[in-house]
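Residue numbers (UniProt numbering): 1 to 824.
This is the structure we're talking about:
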């Protein structure tokens with residue numbers, strides 16, 4: 001599980017829950033310019049990340065040439081003041097990042113490369129584009145910032161231009177998902193491409209005055225280097241890592257690139273600063289077999305490159321994923337013993353490598369499985385010395401994996417020793433140590449679970465436990481009365497309710513801060529109240545009143561879909577007897593341009609159609625639209641294409657809609673369509689090493705409810721109740737093999753253990769891996785495991801719902817599949 005940098009942004013405001021990073025609930029103030037009064041005749045709209053300003057009297061075009069201003073942290077205040085003072089008198093709309101922490105996160109190493117570097121966006125008229133650029137170029141002279149990869153640089157300063165959308169519009173991308181859009185000359189919406197390179201729509205001419213700037217951009221090439229680049233090993237916002245060959249010697253080498261002012265860490269250091277530091281560390285550690293050998297350092301077009309020995313090995317993380325037995329359906333006592341023996345062989349080698357650094361006076365600082373290479377010959381090599389520190393500094397790394405990040409009281413070599421202890425736990429319970437800051441004693445519980453599950457010598461775990469606890473002797477004693485069960489989850493959920501907040505009622509995933517997210521089914525109040533009701537917790541009039549009030553005064557941009565928007569809220573209101581409110585919401589949703597939606601259950605036409613059927617309304621437009629987008633055959637996947645598959649975003653959602661319509665009408669053509677849709681999702685699956693059938697995303701396989709085996713299985717089982725088929729029955733059995741796995745990285749309903757519990761209740765005891773006491777109740781972390789979540793899709797409400805044994809909306813309990821004419 002890669003950590004999504006966007007989640008770290010929402011960790012700034014609260015220690016336990018994801019929340020908005022605005023200055024009302026955090027210690028991180030906005031930039032000073034944000035404190036200026038809104039100019040007379042202007043409107044101001046704040047968001048979690050941007051502050052928007054626009055003159056009321058000047059209409060902003062839906063698309064055109066936009067200007068971006070890039071700046072490093074130390075130049076941000078000057079750049080913002082200059083833009084404000086220039087744009088306000090001229091009635092030019094603009095927006096800017098609201099604070100230094102937000103700017104750091106959006107320019108961090110793991111941030112999206114295409115959007116990084118943008119501090120300000122300016123929306124001029126096309127007729128004034130050239131003049132605005134010329135004048136701002138003078139005003140911003142001397143300001144430096146990261147290169148904005150998606151844009152064309154103007155001159156050699158901090159200004160960049162790109163043709164794209166000014167106002168949010170969306171269309172369907174090639175993979176059937178919603179993407180941002182612009183309008184072509186025919187009036188059709190097409191994807192607004194925002195990648196890591198400058199791309200101009202084919203119908204948009206480049207203004208003549210920009211031609212020299214494009215020519216200057218294209219003059220920088222790698223042709224003069226003594227290295228041939230063979231392939232890309234990795235990209236980050238800080239730069240790329242490339243495999244190459246030194247033409248002078250024929251040696252294969254690794255070239256690591258750093259972009260100036262990009263790839264920031266929490267201390268504000270950019271990728272170049274860290275790369276130069278890594279160069280110095282490699283030279284200091286020369287001769288150690290556990291360290292790549294230094295070869296060269298050079299600059300090309302402002303980018304810096306470090307050249308190192310190529311170590312032909314696999315990351316320990318990749319070996320962990322391949323070997324870990326608890327995620328396989330065929331896990332046995334023998335496979336547990338074999339895996340344990342491998343871990344016990346690996347750990348001493350990692351410790352030896354770290355101690356060799358310490359003897360040279362260096363703290364590695366960022367020890368985790370992706371930074372450990374193991375070759376076929378058994379050589380173990382540490383990579384990525386960007387944050388390594390001299391021991392005598394007694395410092396801490398400013399950029400480290402959260403599952404291995406030492407607490408603030410660990411300094412110097414103790415930082416590595418803490419990470420080594422976390423590695424012991426992480427090899428037996430992957431990613432679990434991310435949860436440690438959320439509650440006391442979680443590490444003790446993990447220790448007991450590992451000893452109970454694996455044939456590992458208890459002293460190995462005890463030694464690691466003592467290091468994490470910071471005590472000479474470990475304690476495996478848990479506090480008396482650690483809560484458990486559904487009632488404890490209900491108490492925890494209710495304890496977090498904040499009815500005085502308008503944006504959300506219960507804390508959940510960061511998606512709840514999108515339009516409608518705090519109210520919707522997946523991440524908002526509707527789903528939480530639905531789960532509480534399904535679990536028999538009763539009704540909560542105050543919270544239902546909050547839901548109804550917010551639903552009838554929705555945020556602008558609230559989507560119409562089932563799990564992400566209006567239709568799901570209407571479904572819950574109808575369940576609670578608020579029929580009039582439900583029908584009002586549906587009427588509003590159907591007045592939107594719903595034809596532009598995808599066909600999925602979560603956000604698209606299938607979910608809307610199913611809800612219309614549930615409410616006794618006409619759904620045939622939705623059914624016909626899903627039929628129109630379903631291929632006549634089931635094409636082979638090719639060219640690296642891995643369209644989304646599964647219940648929430650794949651063709652299984654359309655299949656469920658067709659099955660409902662069949663059960664109401666008896667039209668067997670709908671059964672044919674359901675089978676075709678399911679076979680399409682099955683063709684997007686692959687057999688894994690344990691012979692289970694899982695959704696293939698190209699770089700990983702998925703067993704989950706949202707986008708994986710179990711979601712497809714729940715719909716396929718329903719089809720087979722109407723139309724037995726030996727081939728499809730075999731596929732169903734292979735899909736359900738994943739429910740024999742015993743470990744899942746996340747606990748949530750959509751992308752974790754709870755979703756599989758819907759198909760196999762025997763998985764319930766495994767929830768202990770992620771259980772967290774909260775006040776007098778029990779809670780679970782959300783996606784990424786960095787914070788507790790109470791929502792339906794990712795958090796405690798979803799786990800509670802799985803324990804209730806109730807079926808998901810539109811999915812009847814296993815075996816309950818009445819024939820045509822049955823009530824819906």
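C-beta: ideal position from N, C-alpha, C; glycine also.
Residue range of the unbroken alpha helix (DSSP H) whose run includes residue 345: 333 to 359
Using only the alpha-carbon positions, how far apart do residue 556 and residue 503 sit? 13 Å
Three-state secondary structure assigned by DSSP to residue 500: coil
Can you find at least 3 beta carbon pairs, one from the stretch 116 to 124 and one from the stretch 141 to 156, that sit closer than 8 Å? yes
Considering only residues of the same chain and omitting the five flanking positions on each side of residue 558, which have a CB-CB separation below 7 Å? 515, 516, 565, 566
Pop quiz: residue 582 and residue 570 are said to be a contact at Cβ under 8 Å. What is the actual Cβ separation, rounded to whole angstroms? 4 Å
When we look at the beta-carbon of residue 122 and count the other beta-carbons within 10 Å, is it buried (16 or more) or exposed? buried
Express the C-alpha separation of residue 768 and residue 805 in angstroms, rounding to a whole number. 18 Å
Between the stretch 310 to 327 and the stretch 729 to 743, do at least 3 Cβ pairs fall closer than 8 Å? yes
For residue 17, does the three-state DSSP call read helix, strand or coil? strand
Cβ separation of residue 309 and residue 318, assumed to be a contact under 8 Å, to the nearest whole Å: Contact flag wrong, Cβ pair sits at about 20 Å.
Work out the CA separation of residue 79 and residue 141 for me, nearest whole Å. 10 Å
Please state whether DSSP places residue 149 in a helix, a strand or coil. coil
DSSP on residue 804, reduced to helix/strand/coil? helix
Pick from 511, 732, 77 that is closest to residue 97, judged by C-alpha positions: 77
Among all the DSSP beta bridges, which residues are the ones paired with residue 156? Answer is none; residue 156 lacks a bridge partner.
Cβ neighbour criterion (16 or more within 10 Å) applied to residue 155: exposed
Are the stretch 478 to 494 and the stretch 455 to 462 touching by the rule of at least three beta carbon pairs closer than 8 Å? no
So residue 687 is in the beta strand (DSSP E); what residue range does that whole segment cover? 685 to 687
Please name the residue, chosen from 94, 152, 102, 105, that lies closest to residue 125 on a Cα-to-Cα basis. 94
Below 8 Å on the Cβ atoms is my guess for residue 104 versus residue 266; work out the distance and round it to an integer in Å. 7 Å
Is it true that the CB of residue 178 sits closer than 8 Å to the CB of residue 598? yes
Where does residue 59 land, buried or exposed, given buried means 16+ other C-beta within 10 angstroms? exposed
Going by the DSSP bridge assignment, what does residue 232 pair with across the sheet? 242
At what residue ranges does the stretch 534 to 604 contain a whole run of the beta strand (DSSP E), taking only runs of 3 or more? none
What ranges does the beta strand (DSSP E) occupy inside the stretch 60 to 96, keeping only unbroken runs of at least 3 residues that lie completely in it? 63 to 69
Can you tell me whether DSSP reads residue 648 as helix, strand or coil? coil
Of the residues 281, 596, 307, the one placed nearest residue 245, counting alpha carbons only: 307
For residue 6, does the three-state DSSP call read helix, strand or coil? helix
Would you check if the distance between the CB atom of residue 256 and the CB atom of residue 305 is smaller than 8 Å? yes
Is DSSP giving residue 418 helix, strand or coil here? helix
CA-CA distance, residue 23 and residue 99? With a pLDDT of only 43 at residue 23, under 50, the local geometry of the prediction cannot be trusted, and no value is derived from it.
Contact check, residue 206 vs residue 285 under 8 Å by CB: the rounded distance? With 8 Å as the limit, residue 206 and residue 285 do not qualify as a contact, their Cβ atoms being about 48 Å apart.
State the Cα-Cα distance for the pair residue 290 and residue 233, rounded to the nearest angstrom. 20 Å
Quick one: grab the DSSP three-state call for residue 717. helix
With contact counted as at least three CB pairs below 8 Å, one residue from each stretch, are the stretch 793 to 802 and the stretch 747 to 759 in contact? yes
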